[in-house]
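Under the UniProt record's numbering, the first residue of the sequence shown carries the number 1, and numbering increases by one thereafter.
Working notes, beginning with the structure itself.
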Amino acid sequence: MGVLKWRDRHGSRHSQSSDNVKGLQTSRDERTNSVPTSEAAGNGSRELLEETLKGPKPYPNIVLPTGGGFWIDGQDQNDYEPAASSSGTCTWNNKIETDDTAKAYRRYYMGREHFNFVGTDDQLGPVLLSVKTESVASQEQTRLLLRLRTGTTHELVPSSCAVSAPHHMARLLNDQLSVTNMSPILSCKTSQLIAAYDEHVLVSHFKFGVLYQKYGQTSEEELFSNQHTSPAFDQFLQLLGQRIQLKDHKGYRGGLDTQFGQTGDEAVYQVFKDREIIFHVSSLLPYTDNDPQQLQRKRHIGNDIVAIVFQESNTPFTPDMIASHFLHAYIVVQVIEPNTPNVRYKVSVTARDDVPFFGPTLPNPAVFRHGPDFKQFLLTKLVNAENACYKAHKFAKLEVSFAIYKFSILCRS
C-alpha cells in the first residue's frame, strides 16, 4: 500500500507533555542550516555563458555545465505560444507530491480501536508496529503500519494471514526481521506522539530564493548585486504572492527578521494549499556597498534549496554559477513580451542529477500566460521541487542519520 523512507523525525514519546510533540515537529530549516555553503562556483560557468552569448539567438534559458552533474527539462522548445488554450483551460495536473503513508496513522488508527507494539531487532534495531482490524468490501482485513529506523511500510492484509503474535505480523511486511518479542504500548498518550512522529515528513513551511537576471549577466556576483529591477519583475512577484511588510509579520518568516529590519522591509509571502511560503527575493534583501559578493543576500538565497531565476530577456543561465551546497534545483522563468496584455513566461527546470523528477510535467511548449493557472503551476512545481530535493544524497544522508537517532529514542522511551 505504501512505503515511506523516513526523512525528518524528532522527539520521543517518553513524556506525556506537549513538549515532546513539539520536539517531533522541529522545523526542517533548523536541521538543514547545519550544511556548509561552498566557497566558490564552478570556474568555467562564466566562460561557458560568455561563449554561449557569442552564438546565435535565441539563447537557451539554461546551459548545463560542461562537467555535468545536472539534468534539464523544458529546454528543447522554441515555440513562444502558451500550451493552454486561449480560454485559459489548464492542461496540467497541479498535484502536490507527498507520500500518504505519513498520514496513515492519523487517518486509519487514531480515535479507533487498535494496538501498538514495540520491540528491538538484533540487525534492524527498534521496531514499532501498529495493528488494526477492519472490514473492507465485507472482508475482514488487518491494517499493519510497520516503522523501522530507515522507513515505514503500510499494508492491508487478509486477517487470515495476520497471526496473533505481533512479531509474526511485522515479518509479513519485512521478512528480514528476526525480532521474537514485541510488547504492547499501553499509554493513552501514545497515539498523539506517534502521529506527530509519522507526520513530521509533511512539510508545511517553504522558503524559495528569487534571483533577477539581466541580459548578459554571467556570474553570481552580478545576479546578487542587482539593485534595480523592472516593472515586468514586479508583475511577476505579484503573481507569486502578496508583498508584505516584514515588521511584525506573524506568519512563517523563513529566517527573515521581523523585528529590526535587518533583512529588509518587505518580502513576498503566500499561503498555498495549507502551506506557508516565503520568498527570499534578492532585490528586497539589503544591498551592501563595497561587497561584490553581497553576502547578506547570499546568506539567505544560498541556504535555500530551490530558487527561481527570473530572466528579463533572452539570456542563458547555468546552475553552477551559484556557489552553494544547498541549492539543488532551479526554475528558470523568462518573460516574453513584458508590459503588454500578451505577457507570457517560458519555463525551464534544472536540478542536480540525484534529484528525482518532480511534477507537474512541463507542457510542450512550456510557455504560460500571466494568470492564476500559471501561479498554481509554479507554486506546485516549487513545493514538489523541494520535496524531491530531500531525496538527493546530501540531504537524504543527513536526514536518515537524524531519523535513526530520534527513532531509537522514541522506541526506547
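Using N, Cα and C, we set each Cβ at its ideal position, and we do this for glycine too.
Source: prediction; values computed, not measured.
Around the Cβ of residue i, are there at least 16 other Cβ atoms within 10 angstroms (buried) or fewer (exposed)?
i      : result
Asn226 : buried
Gly69  : exposed
Glu399 : buried
Asp274 : exposed
Glu337 : exposed
Phe407 : buried
Tyr215 : exposed
His393 : exposed
Ser34  : Caution applies to Ser34, whose pLDDT of 48 falls short of 50 and renders its modelled position unreliable; the value that the coordinates give is listed next. Burial call: exposed.
Pro292 : exposed
Asp234 : exposed
Ser87  : Residue confidence for Ser87 is low, a pLDDT of 38 falling below 50, so the modelled location carries little weight and cannot support an answer.
Arg9   : Low local confidence applies: a pLDDT of 33 at Arg9 is under 50, so the model's placement there is unreliable, and no value is given.
Taking the C-alpha atoms as reference points, what is the distance between residue i and residue j?
i      : j      : result
Thr350 : Pro319 : 7 Å
Ile277 : Val203 : 11 Å
Thr258 : Arg243 : 14 Å
Asp207 : Ser138 : According to the sequence as given, residue 207 is Lys; it is not Asp. Those two C-alpha atoms are separated by around 46 Å.
Thr218 : Ile194 : 49 Å
Val191 : Met110 : First, the residue type needs correcting, since residue 191 is Ser and not Val in the sequence shown. Taking the straight line from one Cα to the other gives about 6 Å.
Arg369 : Val343 : 6 Å
Met169 : Ala385 : 36 Å
Gly74  : Val157 : 42 Å
Leu239 : Pro372 : 8 Å
Met321 : Phe260 : 32 Å
Asn116 : Ala396 : 28 Å
Ile404 : Gly125 : 9 Å
Ser348 : Lys391 : 21 Å
Val131 : Asp353 : 39 Å
Leu146 : Leu128 : 6 Å
Gly241 : Gln376 : 11 Å
Ser45  : Asn174 : 47 Å
Along the chain, where does the alpha helix (DSSP H) containing residue i start, and where does it finish?
i      : result
Ile331 : From DSSP, Ile331 is part of no alpha helix (DSSP H) but of the beta strand (DSSP E) over Ala329 to Ile336.
Pro166 : Pro166 to Leu173
Phe358 : Neither: Phe358 is in no alpha helix (DSSP H) and is coded neither H nor E.
Asn339 : That residue, Asn339, is in no alpha helix (DSSP H); it is neither H nor E in DSSP.
Leu128 : Segment Gly125 to Val136 is the beta strand (DSSP E) holding Leu128; no alpha helix (DSSP H) there.
Gly120 : A quick correction: the sequence has Thr, not Gly, at residue 120. Counting along the chain, Thr120 falls outside any alpha helix (DSSP H), though it belongs to the beta strand (DSSP E) covering Phe115 to Asp121.
Leu53  : Ser45 to Leu53
Counting along the chain, where does the beta strand (DSSP E) carrying residue i start and finish?
i      : result
Leu382 : Not the beta strand (DSSP E): Leu382 falls in the alpha helix (DSSP H), residues Pro372 to Cys389.
Arg369 : Val367 to Arg369
Segments assigned alpha helix (DSSP H), at least 4 residues, entirely inside the segment 217-301: 220-224, 231-240 and 295-301
Contact the segment 326-342 vs the segment 305-316: 3+ CB pairs below 8 Å: yes
Contact the segment 92-102 vs the segment 346-361: 3+ CB pairs below 8 Å: yes
Whole runs of the alpha helix (DSSP H) within the segment 146-211, excluding any shorter than 4 residues: 166-173 and 190-198
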